[in-house]
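K.L.:
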Amino acid sequence: MRSALGPSLDAGRSRLALQRAALRMTDDWLAMGHILGVGTITVSPTGAVMVHVEPVGALPSPPARLRALWLGWDAAQLEIRPPVRLHSGAWAQQIRLQVPVPGFDMTLWCYERIANPHLLASA
1 MRSALGPSLD
11 AGRSRLALQR
21 AALRMTDDWL
31 AMGHILGVGT
41 ITVSPTGAVM
51 VHVEPVGALP
61 SPPARLRALW
71 LGWDAAQLEI
81 RPPVRLHSGA
91 WAQQIRLQVP
101 VPGFDMTLWC
111 YERIANPHLL
121 ASA
């Protein structure tokens with residue numbers, strides 16, 4: 001239904017509806033965190049939602065879970081970032097899965113430990 005106050009008010013209502021949906025979705029993710037391995041959830045000022053997938057009990061590793069989701073989710077996009085050195089001195093690559101959530105920019109991510117890329121390149 002169109003508001004008598006014009007498109008500006010309608011746009012504001014749409015944004016509020018999206019924000020409410022984002023909060024409900026975040027609440028659902030937090031409730032399932034112990035099952036799915038959801039760690040930190042951050043929301044940027046632009047509304048981008050980043051969900052850190054962490055190890056949980058007997059579940060497959062976070063990288064394996066993200067790859068499995070990617071294989072079964074046609075619209076999802078998998079991105080493997082360049083290797084970085086972690087604070088512990090180990091090397092890892094960040095794996096990001098952009099998931100299709102209408103109205104949101106949502107990314108599931110984790111680190112995957114890898115061998116030192118400099119040693120691999122010299123071998």
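Residue numbers for the sequence shown follow the working numbering, so the first one is 1 and each next one is one higher.
Every residue, glycine too, gets a C-beta built ideally from N, C-alpha and C.
Would you check if the region 72-82 and the region 49-60 touch, i.e. whether three or more CB-CB distances between them fall below 8 Å?
P.N.:
no
K.L.:
May I ask you to report which of helix, strand or coil DSSP gives Leu97?
P.N.:
Strand at Leu97.
K.L.:
Let me confirm a value: Arg113 is counted as buried when at least 16 other C-beta atoms fall within 10 Å, else exposed. Which label applies?
P.N.:
exposed
K.L.:
What residues in its chain sit with their C-beta under 6 Å from that of Asn116, if we drop five residues either side in the sequence?
P.N.:
Trp91
K.L.:
Considering only C-alpha positions, which residue in the set His87, Cys110, Arg67, Val49 is nearest to Leu78?
P.N.:
Arg67
K.L.:
Quick one: using the 10 Å Cβ neighbour count with 16 as the cut-off for buried, is Trp109 buried or exposed?
P.N.:
Under this definition Trp109 is a buried residue.
K.L.:
What residue from Arg96, Gly47, Val43, Trp73 has the CA that sits closest to Pro62's CA?
P.N.:
Arg96
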